[in-house]
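Engineer: Have a look at the structure that comes next, please.
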Amino acid sequence: MNRPHQPSVMPTSPKPVVASTTHYTCPMHPEIDKPQPGNCPKCGMTLVPVA
Ligand SMILES: [Zn+2]
Numbered sequence: 155m156n157r158p159h160q161p162s163v164m165p166t167s168p169k170p171v172v173a174s175t176t177h178y179t180c181p182m183h184p185e186i187d188k189p190q191p192g193n194c195p196k197c198g199m200t201l202v203p204v205a
């Protein structure tokens with residue numbers, strides 16, 4: 155077997171882009187703005203992601 159050499163061109167696989175713009179807020183306290191999930195410091199509710 156003498157196959158022609160194939161150029162090693164790999165398709166650029168799309169990396170999972172971390173949505174850095176996503177932040178988290180409390181449904182009851184919109185003033186709460188956290189860069190990561192957690193709980194509201196005021197009422198303890200689970201923060202919800204905001205696009
Ligand atoms: Zn809250």
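So for the sequence shown, the numbering used here puts the first residue at 155; every next one is plus one.
We treat Cβ as the ideally placed atom computed from N, Cα and C, and that holds for glycine.
1. Quick check on DSSP: helix, strand or coil for Asn193?
2. Whole angstroms are fine: how far does the CA of Thr200 sit from the CA of Asn193?
3. DSSP three-state call for Pro166: helix, strand or coil?
4. Along the chain, where does the beta strand (DSSP E) containing Thr179 start, and where does it finish?
5. Using the beta-carbon count (16 or more within 10 Å), is Cys197 buried or exposed?
Structural biologist: In terms of the structure at hand:
1. Here residue 193 refers to the residue found at position 39 of the sequence shown. DSSP places Asn193 in strand when its eight states are reduced to three.
2. The residue given as residue 193 occupies position 39 in the sequence shown. The residue given as residue 200 occupies position 46 in the sequence shown. Looking at the two C-alpha atoms, the distance is approximately 4 Å.
3. The residue you call residue 166 lines up with position 12 of the sequence shown. Per the sequence shown, residue 166 should be read as Thr rather than Pro. Coil at Thr166, not helix or strand.
4. Within the sequence shown, residue 179 is the residue found at index 25, counting from 1. Segment His177 to Thr179, the beta strand (DSSP E) holding Thr179.
5. As a working note, residue 197 is residue 43 in the sequence shown. Its Cβ having fewer than 16 others within 10 Å, Cys197 is exposed.
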